[in-house]
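Only one structure is covered here, and it is reproduced in the block below.
Protein chains: 4
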Amino acid sequence: MSKDAKKPIPSRVLDPQLVEARRLQIVQAAVELFVDKGFHKTTTREIAKASGIGIGTLYEYLQSKEDVLYLVCAYIHSEVEKRLTEARLQAENGRDLLVMSIRRFFACVDELQDYVLLIYQETKSLPPETLKLVLQKEEEITQLFADILESGRRDGSIQLAPQHVKLTAHNIIVLGQMWTFRRWALHRHYSLEEYTERQVTLLLHEIHSH
Amino acid sequence: MSKDAKKPIPSRVLDPQLVEARRLQIVQAAVELFVDKGFHKTTTREIAKASGIGIGTLYEYLQSKEDVLYLVCAYIHSEVEKRLTEARLQAENGRDLLVMSIRRFFACVDELQDYVLLIYQETKSLPPETLKLVLQKEEEITQLFADILESGRRDGSIQLAPQHVKLTAHNIIVLGQMWTFRRWALHRHYSLEEYTERQVTLLLHEIHSH
Amino acid sequence: MSKDAKKPIPSRVLDPQLVEARRLQIVQAAVELFVDKGFHKTTTREIAKASGIGIGTLYEYLQSKEDVLYLVCAYIHSEVEKRLTEARLQAENGRDLLVMSIRRFFACVDELQDYVLLIYQETKSLPPETLKLVLQKEEEITQLFADILESGRRDGSIQLAPQHVKLTAHNIIVLGQMWTFRRWALHRHYSLEEYTERQVTLLLHEIHSH
Amino acid sequence: MSKDAKKPIPSRVLDPQLVEARRLQIVQAAVELFVDKGFHKTTTREIAKASGIGIGTLYEYLQSKEDVLYLVCAYIHSEVEKRLTEARLQAENGRDLLVMSIRRFFACVDELQDYVLLIYQETKSLPPETLKLVLQKEEEITQLFADILESGRRDGSIQLAPQHVKLTAHNIIVLGQMWTFRRWALHRHYSLEEYTERQVTLLLHEIHSH
DNA sequence: CATGAATGAGGTTTCATTCAT
DNA sequence: CATGAATGAAACCTCATTCAT
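Residue numbers (full-length UniProt numbering), protein chains in the order written: chain V, 1 to 210; chain L, 1 to 210; chain H, 1 to 210; chain E, 1 to 210.
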């Protein structure tokens with residue numbers, strides 16, 4: 001499984017640093033627009049204008065509007081990953097590490113809720129090949145939790161049948177992300193803290209940790 | 001909370017039975033198209049042709065493409081609800097009813113997975129006012145489970161703090177629906193039965209049912 | 001050799017008579033524009049406006065700008081053919097028929113000079129498959145003269161080796177058409193009549209008719 | 001009639017030798033591209049890249065894409081002229097010189113067929129003023145044959161009314177060039193040699209040379 | 001002298017919607 | 001009530017040209 005697969009998007013501009021910088025400009029302008037109006041209702045000219053560049057310049061750095069969407073998805077995933085991996089968490093055992101990680105993940109989902117939602121809603125507009133890459137990334141993030149669960153299994157702090165590891169990891173992710181895609185209901189009734197604690201409790205039950 | 005709120009969509013055609021019939025035609029053609037190509041990439045002309053009517057006729061029965069999307073969402077919700085309520089489940093107590101209901105719901109999600117996914121992905125294209133109605137319906141379905149939980153609390157078969165009822169109901173829904181929106185990962189590793197049983201187990205833990 | 005091969009251009013409009021009529025409108029507007037400014041410098045919007053229809057309507061009747069070019073070429077060829085075949089020429093023998101036909105062809109080239117030129121200059125902008133059809137038509141027209149030459153050979157009024165028939169036919173066509181594509185030089189020095197008679201003389205030499 | 005009229009194309013670069021050299025680079029790259037894809041479908045960037053220079057540099061040596069086309073036409077004409085005039089043909093009289101010249105011309109057309117075709121097809125994309133220059137050159141080349149005809153008239157080896165000289169010269173050119181622009185038909189049936197001999201015969205008839 | 005990043009006017013095409021029949 | 005021809009706003013994208021470095 002090739003990790004960190006990235007789609008190389010050709011650019012007519014040669015200087016890689018410039019490409020990086022301009023694309024960041026574009027992506028950051030685009031996320032906001034996509035969050036606001038959705039991918040389809042955002043025009044390329046709006047993206048260009050919001051990026052502070054001309055429409056022609058935009059197309060010097062990518063090849064299609066779908067490329068923008070891909071870059072946005074990749075950007076969001078990298079933001080998530082950055083937050084999940086930036087500081088090595090100190091924990092006594094796997095179970096504690098898990099709890100801390102879940103809390104950090106939920107906080108991150110809350111912080112990036114518009115972005116997380118965006119991925120949920122616009123991902124299907126990607127061309128199939130690109131979609132696969134984005135889902136792969138999603139799986140990689142899931143794997144972060146699978147690894148933690150595994151480490152807990154090894155040190156005995158987590159009891160979980162091996163075949164359940166993957167599913168539990170997915171559950172963690174989904175129960176986190178639902179904080180955004182069900183926010184119209186959840187935010188009315190629960191604070192992020194209440195929500196987090198309750199879901200942590202639920203998830204801990206799953207791993208037979210009394 | 002007005003139950004079963006429906007948006008009345010004006011039609012130039014007067015005979016209500018005809019309206020009903022034609023709209024069903026339209027909706028059933030549209031769901032398939034939306035599932036296949038997404039809302040935005042489906043044209044009104046395609047919808048008309050697949051419905052077996054002319055494009056002009058289409059607009060006799062609704063006012064915009066978004067109306068089709070709304071009707072499709074409503075149709076899907078009604079299909080889900082039909083399956084969830086068609087046969088009164090016989091159970092000794094709330095807990096058993098809950099388990100049976102969850103299984104039924106998961107089976108339903110599996111059966112209608114394309115439709116459920118559709119709601120997840122295209123809902124955001126609805127105009128805000130209409131979106132609210134769709135979310136309301138989603139909440140109604142959630143409430144079905146909240147009610148079951150409540151009944152279990154009343155007969156003592158379920159132990160759950162009152163403030164956790166809503167959340168647990170949402171969890172049930174989301175853990176069911178994730179079978180569709182994470183199918184790219186889950187279907188590779190689990191059968192519907194394995195998946196269902198595992199998630200049921202998890203959810204039962206939540207309600208302290210030993 | 002399939003004669004009169006035509007490319008069927010799909011139309012979203014069903015009524016074939018209407019399609020025929022509108023396409024004629026479009027084509028006649030387009031020829032003038034193409035003659036004036038060339039294919040590439042003419043915009044689809046100009047074509048629509050000159051046709052007296054909206055740009056959207058234009059695309060109801062064809063699928064691309066190249067389709068317009070093809071229709072224009074087909075139209076021009078049909079105009080040429082119409083003139084060449086409308087009245088059966090009365091002649092004593094093949095030789096006389098040939099002379100009369102040449103004169104008629106030259107007159108036709110003169111009358112349609114802008115159109116003939118257009119085919120010379122814009123044909124290469126057609127997609128390969130379509131280009132083939134247009135060249136086929138050009139060959140068909142050439143064949144008209146090959147047939148006449150053949151008839152003269154049969155009745156003895158024309159002496160020409162069989163293997164030279166095709167080439168002579170091409171010569172007739174080209175010596176006619178050059179009246180348009182070299183007009184910048186020829187029209188300065190010769191009238192159509194002078195030109196025609198001189199070229200007829202030349203061509204008659206070729207067929208050893210003293 | 002000013003002979004060898006050339007349009008001076010301004011260059012921002014001062015060194016005339018460098019200008020000459022770079023322009024040759026550009027032109028030779030451009031002909032191939034134009035032959036391949038046509039003038040309109042070739043981009044200036046492609047021309048620059050194929051020339052081995054930057055797009056900015058390209059514009060140091062000319063002022064517009066049309067300039068490239070003009071230079072290409074001039075280049076082609078000079079190539080033709082070079083071949084037609086490089087070796088002084090030795091002949092007994094005008095008639096023989098004519099025949100040798102025709103053969104040489106046809107061979108040249110065959111050798112440069114893509115280029116000759118290019119001039120036929122893209123010339124109309126030149127701005128009017130420039131077009132005139134190119135046509136003038138075309139006429140100059142025609143004049144080469146008119147001169148030969150004239151010399152034959154003087155030495156009695158060619159009988160041709162003075163008013164027919166120009167036309168005959170044009171006929172020679174066109175019957176040569178048609179080898180390229182009707183190649184889709186001619187090359188199927190005739191070899192260059194067959195073709196040449198047949199057309200030479202025809203043309204000799206025209207000048208009453210028994 | 002050489003470069004290539006930046007630009008925006010303008011190209012082709014689509015498609016939701018209307019309205020006369 | 002049914003139809004589909006007509007429409008034009010607006011979408012995405014290209015590319016000749018400029019100009020600061």
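All C-beta atoms, glycine included, are put in the ideal place defined by N, C-alpha and C. Since the model is a prediction, treat every value here as computed from it, not as a measurement.
Inter-residue distance for V:Y61 and H:G38 is about 33 Å (C-alpha atoms, whole angstroms). Within chain V, no residue has its CB atom less than 9 Å from the CB of L:S157, the nearest being about 18 Å off. Shown in chain order are the members of the stretch 28-41 of chain H whose Cβ falls below 9 Å from a Cβ of chain E: G38, F39, H40, K41. The Cβ of E:E206 sits closer than 8 Å to at least one Cβ of chain H.
The Cβ neighbour count for H:E129, taken over all protein chains shown within 10 Å, is under 16; the residue is labelled exposed.
With the criterion set as a beta carbon lying under 8 Å from some beta carbon of chain E, the stretch 97-116 of chain H has no members that meet it. When CB distances to chain E are screened at a threshold of 7 Å, the residues of the stretch 179-191 of chain H falling below it are R182, W184, A185, L186, H189, Y190, in chain order. Residue environment analysis places L:H77 among the buried positions, since at least 16 neighbouring C-beta atoms fall within 10 angstroms of its C-beta. Along the length of the stretch 108-143 of chain V, whole alpha helix (DSSP H) runs at least 4 residues long occupy 113-122, reported in chain order. DSSP places L:L89 in the coil class of the three-state scheme, outside both helix and strand. Every alpha helix (DSSP H) of 4 residues or more that sits fully in the stretch 143-209 of chain H is shown, in chain order, as 162-181, 183-189, 192-206. Residue burial annotation: L:K166 is buried, with at least 16 other C-beta atoms found within 10 angstroms of its C-beta. E:S125 and E:E66 have their C-alpha atoms some 8 Å from each other. Annotation for L:V31: V72 place their beta carbon closer than 6 Å to its own, counting only its chain and skipping 5 residues before and after. Contact with chain E is found for H:Y120, since one of that chain's Cβ atoms lies less than 8 Å from the residue's Cβ. Chain H places no beta carbon closer than 8 Å to that of E:S151, leaving this residue out of the contacts. Counted as a single uninterrupted DSSP element, the alpha helix (DSSP H) harbouring L:D36 occupies residues 16-37. At a cut-off of 8 Å, the C-beta of E:S125 has a neighbouring C-beta in chain H.
In chain order, V35 place their CB closer than 6 Å to the CB of H:D114, counting only its own chain and leaving out the 5 sequence neighbours on each side. By the C-beta criterion, the stretch 92-103 of chain L is judged not to be in contact with the stretch 46-61 of chain L, since fewer than 3 inter-stretch pairs fall below 8 Å.
Not flagged as an interface residue toward chain H: E:V72, since no C-beta distance is shorter than 8 Å. Contact between the stretch 131-138 of chain V and the stretch 2-17 of chain V is established, with three or more Cβ pairs separated by less than 8 Å.
The C-beta of E:G156 has fewer than 16 other C-beta atoms within 10 Å across all chains shown, which makes the residue exposed. Rounded to whole angstroms, the gap between the alpha carbons of H:S191 and H:V80 is 21 Å.
Going by beta carbons, L:Q25 and L:S64 fall outside the 8 Å limit. Look at the beta carbons and you see the stretch 183-202 of chain H touching the stretch 161-178 of chain E: at least three pairs across the two are nearer than 8 Å.
Separation of E:L160 and E:L84 (C-alpha to C-alpha, rounded to the nearest whole angstrom) is 23 Å.
Beta-carbon to beta-carbon, E:L98 and E:I158 are separated by about 7 Å, close enough to satisfy the 8 Å threshold. Neighbours of V:K166 in chain L, taken as residues whose beta carbon is under 7 Å from its own, are H189 in chain order. Within the model, the alpha-carbon separation for V:G54 versus E:G54 is close to 22 Å. Judged by DSSP secondary structure, L:S64 falls outside any alpha helix (DSSP H); it is assigned neither H nor E.
The three-state reading of DSSP puts L:G56 in helix, counting H, G and I together. With 16 or more other Cβ atoms inside 10 Å of its own Cβ, H:L149 counts as buried.
For V:A48, the number of other beta carbons within 10 angstroms of its own is at least 16, and it is reported as buried.
Here the alpha carbon of E:T44 sits roughly 32 Å from the alpha carbon of H:V27.
With a threshold of 8 Å between beta carbons, H:R198 makes contact with chain E.
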